[in-house]
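2 protein chains.
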Amino acid sequence: MASSEIDALTQALARLPGLGPRSARRAVLHLLKRRETSLAPLLRALERVNEALSICSTCGNVDTIDPCTVCADPRRDDRLLCVVEEVSDLWALDRSRLFPGRFHVLGGRLSALEGVRPEDLSIDMLIGRIARGGVDEVVLAMNATLEGQTTAHYLAERLETFPVRITQLAHGLPVGGELDYLDEGTLAQALRARRPVS
Amino acid sequence: MASSEIDALTQALARLPGLGPRSARRAVLHLLKRRETSLAPLLRALERVNEALSICSTCGNVDTIDPCTVCADPRRDDRLLCVVEEVSDLWALDRSRLFPGRFHVLGGRLSALEGVRPEDLSIDMLIGRIARGGVDEVVLAMNATLEGQTTAHYLAERLETFPVRITQLAHGLPVGGELDYLDEGTLAQALRARRPVS
Ligand SMILES: [Zn+2]
Ligand SMILES: [Zn+2]
Numbered sequence: 001m002a003s004s005e006i007d008a009l010t011q012a013l014a015r016l017p018g019l020g021p022r023s024a025r026r027a028v029l030h031l032l033k034r035r036e037t038s039l040a041p042l043l044r045a046l047e048r049v050n051e052a053l054s055i056c057s058t059c060g061n062v063d064t065i066d067p068c069t070v071c072a073d074p075r076r077d078d079r080l081l082c083v084v085e086e087v088s089d090l091w092a093l094d095r096s097r098l099f100p101g102r103f104h105v106l107g108g109r110l111s112a113l114e115g116v117r118p119e120d121l122s123i124d125m126l127i128g129r130i131a132r133g134g135v136d137e138v139v140l141a142m143n144a145t146l147e148g149q150t151t152a153h154y155l156a157e158r159l160e161t162f163p164v165r166i167t168q169l170a171h172g173l174p175v176g177g178e179l180d181y182l183d184e185g186t187l188a189q190a191l192r193a194r195r196p197v198s
Numbered sequence: 001m002a003s004s005e006i007d008a009l010t011q012a013l014a015r016l017p018g019l020g021p022r023s024a025r026r027a028v029l030h031l032l033k034r035r036e037t038s039l040a041p042l043l044r045a046l047e048r049v050n051e052a053l054s055i056c057s058t059c060g061n062v063d064t065i066d067p068c069t070v071c072a073d074p075r076r077d078d079r080l081l082c083v084v085e086e087v088s089d090l091w092a093l094d095r096s097r098l099f100p101g102r103f104h105v106l107g108g109r110l111s112a113l114e115g116v117r118p119e120d121l122s123i124d125m126l127i128g129r130i131a132r133g134g135v136d137e138v139v140l141a142m143n144a145t146l147e148g149q150t151t152a153h154y155l156a157e158r159l160e161t162f163p164v165r166i167t168q169l170a171h172g173l174p175v176g177g178e179l180d181y182l183d184e185g186t187l188a189q190a191l192r193a194r195r196p197v198s
């Protein structure tokens, strides 16, 4: 149909979540017809992100600076630390502007099924941050899934020797729900009603 | 939330058809987490397309070569010429592999509402191609919309002095339907049953 370059672009776009072959073709046509207003800005944005992309060595966030925008923000409260499974969860909570503290990204959740063990997550890094002191409360903001809750309980046990309050998001999250898909109202409620881990 | 580079990338993706702010954010996270397997190939593909992008000076198709892949294909039948409104229609028909001839992209359809007049479309270019001879049949493959059909009738009148058979896609297309959204079966039927313009 089209040249190999256009095919390659269509295939690269089709692999993005939310885009299939058909919507990727439409996106490519959109880009081809709007070279200056659509293709060029996307290309520039990708180049810049690709040049600067890094994993935050403090919290595990993905950003173009290290420490990341969240860790570098002086207005945030160092005494509050919110632990999430994935970068997407950090972004969802941060977007809601409801949590004034810092974050820590585990990089997944414990899973017997998928063979994810504690050493596969950035748990030692988390414990290192807490051991250095200055944190009063650790909010375990795992997903309300079986694996998320297993991970939260595991972390609560690992952290019980530290002089920190350990809380988790209020249940009220829909069962099986994932943070990144929740509306802000639900997130706000869950965060306001956070409670100590029993 | 994120750095300005990541925001810019999110916004550039959110402007693509089929992606909104939320799916753009998910796409960006996907890209950031898969730098080598997803971000890099997309960046390379965009760079290559951007370097080579051109409008075919023969048919109006968008491609990375001029004449385009379709015009340059020696296996196609020069005696059959299919006129379409948009590049997306050319791609839809070409993808179906049902039409063995050449194409001509008008770049739109006549529209009193949108102020699109004959001189805004590549009609003179079309007439030039037909005037040079060698074309036996012109298939008017306009959309089954009021404006598409108005355009087809206008073209049929402009072409009636030429020794060519003028056909149009069989009706049977859903009313108001646009070529690019049709399944292959419907396209095949409409193409097989094409008939002379009365
Ligand atoms: Zn960070
Ligand atoms: Zn061409």
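Residue numbers (full-length UniProt numbering), protein chains in the order written: chain W, 1 to 198; chain S, 1 to 198. Backbone N, C-alpha and C define an ideal beta-carbon position, used for all residues, glycine too. Please read these numbers as outputs of a predicted model, since none were measured by experiment.
N- and C-terminal bounds of the beta strand (DSSP E) containing residue 77 of chain W: For residue 77 of chain W, the enclosing beta strand (DSSP E) begins and ends at 77-84.
Beta-carbon separation of residue 66 of chain S and residue 82 of chain S under 7 angstroms? Remark: C-beta atoms of residue 66 of chain S and residue 82 of chain S do not approach each other more closely than 7 angstroms.
Helix, strand or coil for residue 140 of chain W, going by three-state DSSP, please let me know. DSSP places residue 140 of chain W in the strand class (E or B) of the three-state scheme.
Figure out for me which residue from W:6, W:36, W:108, W:186 has the closest Cα to the Cα of residue 151 of chain W. Comparing alpha-carbon positions, the option among W:6, W:36, W:108, W:186 lying closest to residue 151 of chain W turns out to be W:108.
Taking the alpha carbon of residue 163 of chain S as the reference point, which residue from S:186, S:79, S:33 has its own alpha carbon closest? For the residues S:186, S:79, S:33, the minimum Cα distance to residue 163 of chain S belongs to S:79.
Listed from N- to C-terminal order along the chain, which residues in the stretch 47-60 of chain W have their beta-carbon within a distance smaller than 8 angstroms of any beta-carbon of chain S? For chain S, the residues of the stretch 47-60 of chain W that bring a beta carbon within less than 8 angstroms of one of its beta carbons are 47, 48, 49, 50, 52, 53, in chain order.
For residue 92 of chain W and residue 15 of chain W, I'd like the C-alpha separation in whole angstroms. Spanning the two alpha carbons is a distance of roughly 22 angstroms.
Between residue 187 of chain W and chain S, is the shortest Cβ-Cβ distance under 7 angstroms, so that the two count as touching? Under the Cβ distance rule, residue 187 of chain W does not count among the residues neighbouring chain S, no pair being separated by less than 7 angstroms.
What would DSSP say about residue 88 of chain W, mapped onto helix, strand or coil? If DSSP states are grouped into helix, strand and coil, residue 88 of chain W belongs with the helices.
Starting from residue 49 of chain S, follow the alpha helix (DSSP H) in both directions and report where the run begins and ends. According to the DSSP assignment, residue 49 of chain S belongs to the alpha helix (DSSP H) that extends over 40-52.
Which of helix, strand or coil does DSSP assign to residue 234 of chain W? Chain W is shown from 1 up to 198; residue 234 of chain W falls before or after that span and cannot be answered.
Straight-line Cα distance separating residue 159 of chain S from residue 127 of chain S: Straight-line Cα distance between these residues: approximately 7 angstroms.
Report the three-state DSSP secondary structure of residue 135 of chain W (helix, strand or coil). In this structure, residue 135 of chain W counts as coil in the three-state DSSP scheme.
With which residues is residue 101 of chain S paired in a DSSP beta bridge? Residue pairing by DSSP places residue 101 of chain S opposite S:77 in a beta bridge.
Suppose the cutoff is 7 angstroms on Cβ atoms and the five residues either side in sequence are ignored; what does the same chain contact list for residue 30 of chain S look like? Cβ contact annotation for residue 30 of chain S (same chain, cutoff 7 angstroms, sequence separation greater than five): 38, in chain order.
DSSP three-state call for residue 63 of chain W: helix, strand or coil? In the structure shown, residue 63 of chain W sits in a strand (DSSP, three-state: E or B).
Sequence-ordered residues whose beta carbon comes within less than 6 angstroms of a heavy atom of ligand 1: That gives W:56, W:58, W:59, W:61, W:67, W:68, W:70, W:71.
Around the C-beta of residue 161 of chain W, are 16 or more other C-beta atoms found within 10 angstroms, so that it is buried, or is it exposed? Its Cβ having fewer than 16 others within 10 Å, residue 161 of chain W is exposed.
Under the assumption that residue 197 of chain W contacts residue 167 of chain W (Cβ atoms under 8 angstroms), give the Cβ distance between them as a whole number of angstroms. Between residue 197 of chain W and residue 167 of chain W a beta carbon distance of about 7 angstroms is seen, short of the 8 angstroms cut, so the two are scored as contacting.
Verify the CB distance criterion: does residue 26 of chain W have a CB-CB separation below 7 angstroms to chain S? For residue 26 of chain W, a Cβ of chain S is located within less than 7 angstroms of the residue's own Cβ.
Based on the DSSP secondary-structure assignment, which residues constitute the bridge partners of residue 55 of chain W? Residue 55 of chain W pairs with W:62.
Within-7 angstroms CB hit, residue 153 of chain S to chain W: With 7 angstroms as the cut-off, residue 153 of chain S does not count as an interface residue toward chain W.
Tell me which residues of the stretch 77-89 of chain S have at least one Cβ-Cβ distance to chain W shorter than 9 angstroms, keeping chain order. Per Cβ criterion, the list reads 86, 87, 88.
Using 7 angstroms as the limit for Cβ to Cβ distance, is residue 32 of chain S near chain W? Yes, contact with chain W.
Under the three-state DSSP convention, the category residue 111 of chain S falls into: In the three-state reduction of the DSSP assignment, residue 111 of chain S falls in the strand class.
C-beta neighbour in chain S for residue 8 of chain W, strict 7 angstroms: Yes, because at least one Cβ of chain S sits closer than 7 angstroms to the Cβ of residue 8 of chain W.
Could you pull the DSSP bridge partners for residue 70 of chain S from this structure? Answer is none; residue 70 of chain S lacks a bridge partner.
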